[in-house]
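Notes follow the structure.
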Amino acid sequence: TRTEQGKQYPIYARKKGSVDALEEIVLDQNELAKGFKFFNISAFVPSDDGNLLAYSTDTTGYRQYKLQVKDLRT
1 TRTEQGKQYP IYARKKGSVD ALEEIVLDQN ELAKGFKFFN ISAFVPSDDG
51 NLLAYSTDTT GYRQYKLQVK DLRT
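Just so we're aligned: the sequence shown equals residues 1 to 74 in this note's numbering.
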């Protein structure tokens with residue numbers, strides 16, 4: 001996880017195999033938050049094999065989360 005100057009939300013990234021591998025952005029919260037006045041990620045759970053990522057988003061501020069699954073192979 002890292003942040004960039006001037007951006008409000010974190011960027012989740014990984015490196016496969018070794019620390020010298022190229023960084024792969026798994027989830028850019030700044031991109032997901034575009035167009036929303038409020039944005040929050042609650043759960044963030046990768047699958048055991050690292051191919052899928054489950055996360056929940058709240059775009060209202062009322063803790064009404066939407067569960068989403070991202071295929072990290074594509």
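Where a beta carbon is used, it is the ideal one built from N, C-alpha and C, also for glycine. Just so it is clear, the structure is predicted and the values come from calculations on it, not from any experiment.
Under a 10 Å Cβ-count criterion, Gln-5 is classified as exposed, with fewer than 16 other Cβ atoms of the shown protein chains found around its own Cβ.
Restricting attention to Gly-50, Asp-20, Glu-24, the CA atom closest to the CA of Arg-2 is found in Glu-24. Excluding residues up to 5 positions away in sequence, Phe-36, Phe-38, Phe-39 lie with their Cβ nearer than 7 angstroms to the Cβ of Thr-59 in the same chain. When the alpha-carbon of Ser-42 is set against those of Gln-8, Asp-20, Asp-49, Gly-61, the nearest one is in Gly-61. Here Ala-33 carries a helix assignment [DSSP, helix/strand/coil]. Judged by their CB atoms, Phe-44 and Tyr-9 are not nearer to each other than the 9 angstroms cut-off.
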